[in-house]
Amino acid sequence: RIREEYNVKLAQRVEEVTRRYESQALEWSTKTAELLRRRDEIHEARTAERVREVWQEYMEELNQYSQHTQTELDVKDQQLKAKDRELIDCLGESHRLRADIDDKDREIALLRLKLEKSPGRIKKAPR
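Here the sequence shown is numbered in this note's numbering, starting from 616 and rising by one per residue.
And the structure:
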């Protein structure tokens, strides 16, 4: 009888710990997905905003370009080339950041896979 009571209590405890573990895993998974989504949104917003800023500066420079003397045009030409390089660098950085995000996504997927295959993971008690 004592053994039966012990087994019942043990099964209840295992079930309780399993529920807590699954709840925590779901919470972490949800939070991770939310953080990844937010990180992507911020990255996209910052990149798009910077591209717009550089493009706006570029267009302003281009509009003023036609209003200056030849000497001033040479100076402005160099400034526009610098803006071109800045815009190209900004877009290149965007691609590098996207590659970094993809690398991190792959790492997260591998960690999730390792977590799922972890031998220490508590299994549900048979019913």
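C-beta: ideal position from N, C-alpha, C; glycine also.
With contacts defined by Cβ atoms closer than 9 angstroms, Ile723 and Thr662 do not form a contacting pair.
Nearest to Arg713 by C-alpha distance, out of Arg654, Leu641, Lys624 and Arg635, is Arg654.
Here Arg616 carries a coil assignment [DSSP, helix/strand/coil]. For Ser733, the secondary structure class from DSSP, reduced to helix, strand or coil, is coil. Taking Val669 as reference, the option from Val623, Lys732, Lys696 and Glu731 with the minimal CA-CA separation is Lys696. The C-beta distance from Lys698 to Glu672 rounds to 6 angstroms, short enough to fall under 8 angstroms.
Leu651 is a Cβ neighbour of Asp720, given a cutoff of 9 angstroms.
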